[in-house]
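Novice: Can you keep this structure in mind? I'll have questions shortly.
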């Protein structure tokens, strides 16, 4: 009996519901797998049944936890150390104050409508959970420009456009591969007809001439730009492989956009990243206590007691979303294994420097996107929206170890003034004569931001990338009795808001199952 | 004597002005060449001195001509056949009527705020002239999403994500090249240390294992998407080269984004492409006569007489921006060579089909961008803005010979209903079960749009691409006495609004020099 594709789908649909049908469609190649289903998380209605939960931290993980608990009928208290919600999703505006440990006080001086996303700035379009909350709470989104081929790549003291670095690499690689094929070095790799077809494609793909030579291409830019009537474009002379890859740092921007979290389309909330946190906050506001740093986390029988400023909040359960570094220092009665695991998490301590300026980069054809450099500032981010507006906030340094072996340490050990100077100098190299237009600098060193002390756990998110997490990761996930844990560091989407949200979902499932178990026991008693 | 870079710049700056200094900086590798200077075009103030110019056509070339002439003190009359300006920059909204030669009447049925750019839809960030007009007339711009790695590529009956097609190609190419290097087939191509360094880079760039094998990578997508706690991502199995390139058509999307006019960042006016034309129109409105098709173009001594509907407009000069196909049919006394050249221009007759729908594509992680197929509809465009809004306009067919050898002819010879059916079917393959949500279809076949009859001249814009233009191109540029010509077809930016604008600038320079010559003669007389 032959079963048609349609029959398979209908049958699977009957038995396993829409999710199973989708999985089957994906198996049959009828649909592209997506992460969309994750956005549908919800706890069973009224399952909270009045039980209480104290949530530590009003970042994304804490706010998501509080919202979902509240929806399910739990009583929730959120304790937040700062005077604002959002945690690392921190957007700086106007005259906002920037206080950092062991750093001079800084005050922002941005014009109306200008803002600086000191923390996360972009959302990949497959991060369905955080996007789902944005949608639910009507947070308007716009496109974040991650990739822009007109920005400068400044390596080894020379600035080339991104487009030249990208497409000259393609040309040079294609040229080498064509040479190998033409010299019959790859005859064993594929059937001859396939190899011939691929060789033909290669000429087209890598802009090779009939002899397989790469002589440059307009994809890499022009020296004379095409115009009206007889003004023909003249393609820029091609770079050699050595010029394209002068140093190890120059390799990174070549793969940056291939990282699945960095691929277009990327999104940002209109007006600042903290708009999503605020959208959730609006739902749970009455249960959030700001300016309430936690000073102790204790178990009392099967309940929890959280101390703060001489007071205490007791609850049936706790969801703790604090970064490991901070959590480890708060007096607690966690297991020795948990305490050891908290100590071992390696934290990324990145930094950003921002300026406000008139939009001089647009005259150079730059609208959003990233510039790259092997200078200590590593990365320059242009604003993704407000094109042709009067002014914009340009991030002159985003230091996280992208292109420079010794950052962020080498950068963050410098005085703020020096960090600003380096950022200015880099922008000057990209836009000669323009750095004098940079105003209102502001440097955020995350390792020194109180209640964050870093941007997250430095372990990979990729498949098979469990190695660096080691045994400590499983220990971090283990509840301490009625206390469960959440945060980006407890996900395979580390360093992303999505990771915070999905880790919260897992923590919520644990709370829910414990609550159900207790209800069962109570009923049996 | 050694001259420092700075000295060179200062000296060049003194003698040649800022432009020369910029050119020198580019020579010294201190700055990336840009096309920005082209945006500074202006005719000498008051140089028109009351002379009259009749402009034929109120598309971009005509509107730019009228505006610049008016600024320089010319008396201008613009004659436009249609009841609207913008020409091919046509945005369809609400209940707009769509009349096409030999086609049934169609009426749009779009909701408030929805629109369909039937003509141009995107602006590259280096098209400084058209962007300059947008800036000057305060036309708000937003990002156009050209490239989006989550869209589907539907070739040979199978849908894969763009990200998988792009990064599996990279992996497979890298694997072949690594094999050639590891087998010493490329030892002669580069010094050994450079080759070693490149081989190391290749492993990183193309996601190869230690043995140089490509086993797939998360860049190509996941079968299990990463999540919270222990949910590790599982990368999708890699495709073979044969699956990545099943047909010639599948090669095109692999190079699409490398075309310099298609590289990010791309832009669009908020609310529809015609906003730029309207921005210019607002400046010259009182001099534009709509509903005025031209029926004759005559020379009277050194002046021009343009006939329309029994009337005539006389002027010192004319700027004719009509497409060659139309111009050729209007009675005129052009040279035989010009008439022959007009007949020979090969015109692209592309087509688009649009629908309005709820944004079902966002659940599949698609926010803007293009899907590709070897079906007759070739290309699907998702809206670049209004993310998470209730509805959007999706272009279900953009047929221009991208991926299918026989389009646009094979598509445009079909009845409208059949064009819509093919578009629906293609969207169904990309988003199973969702095509039933597509409403209010509208098909624009440019070959049959009155007063356009195509989207432009089909000759390449690339360097050295003068071949297909042949001798006819020079003839098309040649003024007929006081009559000069403009339009995208008279530029090396053919098919783009930028081409229309820069060709107008060249035409204006010709008018200006003729006017100056006549003024000189008059003064001498």
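Residue numbers (this note's numbering), protein chains in the order written: chain S, -2 to 522; chain W, -2 to 522.
Note that the Cβ used here is the ideal one computed from N, Cα and C, for glycine as well.
Note that the structure is predicted; figures quoted are calculated from it, not measured.
(1) My output table needs one value for residue 369 (chain S): the three-state DSSP class, helix, strand or coil.
(2) Determine whether the Cβ of residue 216 (chain S) lies closer than 8 Å to any Cβ atom of chain W.
(3) For residue 52 (chain W), which of helix, strand or coil comes out of DSSP?
(4) Alpha carbon to alpha carbon, what distance is there between residue 388 (chain S) and residue 305 (chain S)?
(5) Kindly indicate if chain W contains any beta-carbon less than 8 Å away from that of residue 499 (chain S).
(6) Who are the neighbours of residue 132 (chain S) on chain W, taking C-beta pairs under 7 Å?
(7) Apart from the five residues on each side of it in sequence, which residues of its chain come closer than 7 Å, Cβ to Cβ, to residue 60 (chain S)?
(8) If the cut-off is 7 Å on Cβ atoms, which residues from the stretch 140 to 152 of chain S count as contacting chain B, listed in chain order?
(9) Does the beta-carbon distance from residue 84 (chain W) to residue 63 (chain W) come in below 8 Å?
(10) Going along chain W, which residues have a C-beta under 9 Å from residue 202 (chain S)?
(11) Whole angstroms is fine: what's the gap from residue 20 (chain W)'s alpha carbon to residue 489 (chain W)'s?
(12) Helix, strand or coil: which one does DSSP assign to residue 310 (chain W)?
(13) For residue 89 (chain S), count the other beta carbons within 10 Å of its own beta carbon; 16 or more makes it buried, fewer makes it exposed. Which is it?
(14) Using a Cβ-Cβ cut-off of 8 Å (strictly less than) and excluding sequence neighbours within five positions of residue 156 (chain W), which residues of its own chain qualify?
(15) State the DSSP-derived secondary structure class of residue 438 (chain S), mapped to helix, strand or coil.
(16) Could you tell me whether any Cβ in chain S is nearer than 8 Å to the Cβ of residue 341 (chain W)?
(17) In this structure, how does DSSP classify residue 305 (chain S) when only helix, strand and coil are distinguished?
(18) Could you check whether residue 355 (chain S) and residue 434 (chain S) sit closer than 8 Å to each other, using their CB atoms as the reference points?
(19) Below 7 Å on C-beta distance, what does residue 443 (chain S) contact in chain W?
(20) Tell me, to the nearest whole angstrom, how far the beta carbon of residue 451 (chain S) is from that of residue 327 (chain S); I am working on the premise that it is less than 8 Å.
(21) Rounded to whole angstroms, what's the CA-CA distance from residue 486 (chain S) to residue 454 (chain S)? Just pull it up for me.
(22) Do you know how far the Cα of residue 202 (chain S) is from the Cα of residue 372 (chain W)?
(23) Please classify residue 461 (chain S) as buried or exposed, where buried requires at least 16 neighbouring CB atoms within 10 angstroms.
(24) Check each candidate in S:382, S:238 and S:261 and name the one with the smallest Cα separation from residue 170 (chain S).
(25) Which residue's Cα is closest to the Cα of residue 224 (chain W): S:521, S:498, S:512 and S:514?
(26) Should residue 349 (chain W) be listed as close to the ligand ADP, given that the test is whether its C-beta is under 7 Å from any heavy atom?
(27) In the structure shown, what three-state DSSP assignment does residue 260 (chain S) receive?
(28) Under a three-way DSSP split, which group does residue 315 (chain W) fall into?
(29) Taking residue 502 (chain S) as the query, report the chain W residues whose CB atoms sit under 7 Å from its CB, ordered along the chain.
(30) Using a threshold of 8 Å, state whether the C-beta atoms of residue 295 (chain W) and residue 330 (chain W) are closer than that.
(31) By alpha-carbon positions, which one of W:509, W:378, W:515 and W:168 ends up nearest to residue 69 (chain W)?
(32) Compute the Euclidean distance between the alpha carbons of residue 40 (chain S) and residue 447 (chain W), then round it to the nearest angstrom.
(33) Would residue 52 (chain W) and residue 310 (chain W) qualify as a contact pair, given that the criterion is a beta-carbon distance under 8 Å?
(34) So, is residue 12 (chain W) buried or exposed, given that buried needs 16 or more other C-beta atoms within 10 angstroms?
(35) If I follow the unbroken beta strand (DSSP E) through residue 158 (chain W), where does it start and stop?
(36) Alpha carbons only, please: which of S:408, S:511 and S:340 is nearest the one belonging to residue 48 (chain S)?
Specialist: Reading from the atomic positions:
(1) The DSSP-derived three-state label of residue 369 (chain S) is strand.
(2) The beta carbon of residue 216 (chain S) sits closer than 8 Å to some beta carbon of chain W.
(3) Correct three-state label for residue 52 (chain W): strand.
(4) Taking the straight line from one Cα to the other gives about 43 Å.
(5) For residue 499 (chain S), the answer is yes, since a Cβ of chain W falls inside 8 Å of its Cβ.
(6) Near residue 132 (chain S) (Cβ distances below 7 Å), the residues of chain W are 385.
(7) Only 82, 274, 277, 278 and 281 meet the Cβ criterion.
(8) Chain labels in this structure do not include chain B; the protein chains are S and W.
(9) Not a contact, by the Cβ cut-off of 8 Å.
(10) What residue 202 (chain S) touches in chain W: 166, 170, 248, 251, 252 and 255.
(11) The predicted model places residue 20 (chain W) with a pLDDT of 46, which falls under 50 and marks its position as unreliable; any figure quoted below should be read in that light. So the alpha carbons of these two residues sit roughly 21 Å apart.
(12) Per DSSP, reduced to three states, the secondary structure at residue 310 (chain W) is strand.
(13) Classification of residue 89 (chain S): buried, given that the 10 Å Cβ count is 16 or more.
(14) Within the same chain, 149, 150, 426 and 427 come within 8 Å of residue 156 (chain W) by CB-CB distance, once the 5 residues on both sides are set aside.
(15) DSSP, read as helix, strand or coil, puts residue 438 (chain S) in strand.
(16) For residue 341 (chain W), the answer is no, since every Cβ of chain S falls outside 8 Å of its Cβ.
(17) Under the three-state reduction of DSSP output, residue 305 (chain S) falls in the strand class.
(18) The answer is yes: Cβ separation under 8 Å.
(19) Against residue 443 (chain S), chain W offers no close residue; the least beta-carbon distance is about 22 Å (beta-carbon pairs closer than 7 Å).
(20) Incorrect: roughly 16 Å between the Cβ atoms, too far for contact.
(21) So the two alpha carbons sit approximately 5 Å from each other.
(22) The straight-line gap from Cα to Cα measures roughly 22 Å.
(23) Only weak support is given to the placement of residue 461 (chain S): the predicted model assigns it a pLDDT of 47, under 50, and the value that follows is read from those uncertain coordinates. The residue is exposed, with fewer than 16 neighbouring Cβ atoms inside 10 Å.
(24) In terms of Cα proximity to residue 170 (chain S), the closest of S:382, S:238 and S:261 is S:238.
(25) Ranking S:521, S:498, S:512 and S:514 by Cα distance to residue 224 (chain W) puts S:498 first.
(26) The ligand ADP is absent from the structure shown, which contains no ligand whatsoever.
(27) If DSSP states are grouped into helix, strand and coil, residue 260 (chain S) belongs with coil.
(28) In the structure shown, residue 315 (chain W) sits in a strand (DSSP, three-state: E or B).
(29) By Cβ distance, chain W contributes 225.
(30) For residue 295 (chain W) and residue 330 (chain W), yes; Cβs fall inside 8 Å.
(31) Checking every option, the nearest Cα to that of residue 69 (chain W) belongs to W:509.
(32) Rounded to the nearest angstrom, the two C-alpha atoms are 59 Å apart.
(33) Contact flag unset, no.
(34) Only weak support exists for where residue 12 (chain W) lies, its pLDDT of 33 falling under 50; the value from the coordinates is given anyway. Result: exposed.
(35) Looking at the DSSP string, the run of the beta strand (DSSP E) that includes residue 158 (chain W) is 155 to 158.
(36) Here the closest residue by C-alpha is S:511.
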